[in-house]
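Numbering (UniProt numbering), first residue to last: 1 to 164.
Where a beta carbon is used, it is the ideal one built from N, C-alpha and C, also for glycine.
Structure first, then comments.
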């Protein structure tokens, strides 16, 4: 969230420098940036909810493994379909709001807000394979269960960030 706050401050400075502090058009575009940033965060949180081991959707898929592979596939497809609802609604609301604020240019500016933290997201994507390799090394070195549990949770975090 620190990167988001820094981005918002820098975006406000750019609006003031380019449009002036009293320009309503500049602040409308800033509103589109804020909407885009909030949209990106909400989509990320929704993705985390549907892909993390800590939440119900993934646990429900895991629990279906007791009855066989067919129920795992059915549950996985169902959860996957449901997981698309939140991003779709959030994107639709963002598009309508930004179009009302600043027409099609506002929608384009909101995309900049959504992609503002892309560099951080991409750098965390590289974390997954590293954590997975650490888990494999811990297993080959016959470390205790406590170490393997920690590397498994780090691997799950890496997989979640890759899914986001």
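Residue range of the unbroken alpha helix (DSSP H) whose run includes residue i
{"i": "residue 105", "result": "85 to 114"}
{"i": "residue 60", "result": "56 to 63"}
{"i": "residue 71", "result": "69 to 82"}
{"i": "residue 12", "result": "2 to 19"}
{"i": "residue 134", "result": "127 to 140"}
{"i": "residue 143", "result": "Counting along the chain, residue 143 falls outside any alpha helix (DSSP H), and DSSP gives it neither H nor E."}
{"i": "residue 174", "result": "Beyond the ends of the chain as shown, which are 1 and 164, falls residue 174; an answer cannot be given."}
CB contact flag (residue i, residue j, <7 angstroms)
{"i": "residue 94", "j": "residue 39", "result": "yes"}
{"i": "residue 90", "j": "residue 33", "result": "no"}
{"i": "residue 11", "j": "residue 120", "result": "no"}
{"i": "residue 64", "j": "residue 72", "result": "yes"}
{"i": "residue 61", "j": "residue 75", "result": "yes"}
{"i": "residue 86", "j": "residue 31", "result": "no"}
{"i": "residue 83", "j": "residue 53", "result": "no"}
{"i": "residue 57", "j": "residue 79", "result": "yes"}
{"i": "residue 154", "j": "residue 126", "result": "no"}
Integer-rounded CB distance, given that residue j should sit under 8 angstroms from residue i
{"i": "residue 7", "j": "residue 116", "result": "5 angstroms"}
{"i": "residue 166", "j": "residue 138", "result": "Nothing about residue 166 can be read from this structure; the chain reaches only from 1 to 164."}
{"i": "residue 43", "j": "residue 97", "result": "Not really, about 15 angstroms apart at Cβ, beyond 8 angstroms."}
{"i": "residue 37", "j": "residue 114", "result": "7 angstroms"}
8 angstroms Cβ shell around residue i - same chain, five flanking residues per side excluded
{"i": "residue 99", "result": "106, 107"}
{"i": "residue 20", "result": "26"}
{"i": "residue 23", "result": "15"}
{"i": "residue 70", "result": "none"}
Proximal residues to residue i (C-beta, below 6 angstroms), its chain only, five neighbours per side dropped
{"i": "residue 134", "result": "151"}
{"i": "residue 29", "result": "102, 109"}
Other residues of its chain near residue i: CB distance less than 7 angstroms, five sequence neighbours each side excluded
{"i": "residue 143", "result": "none"}
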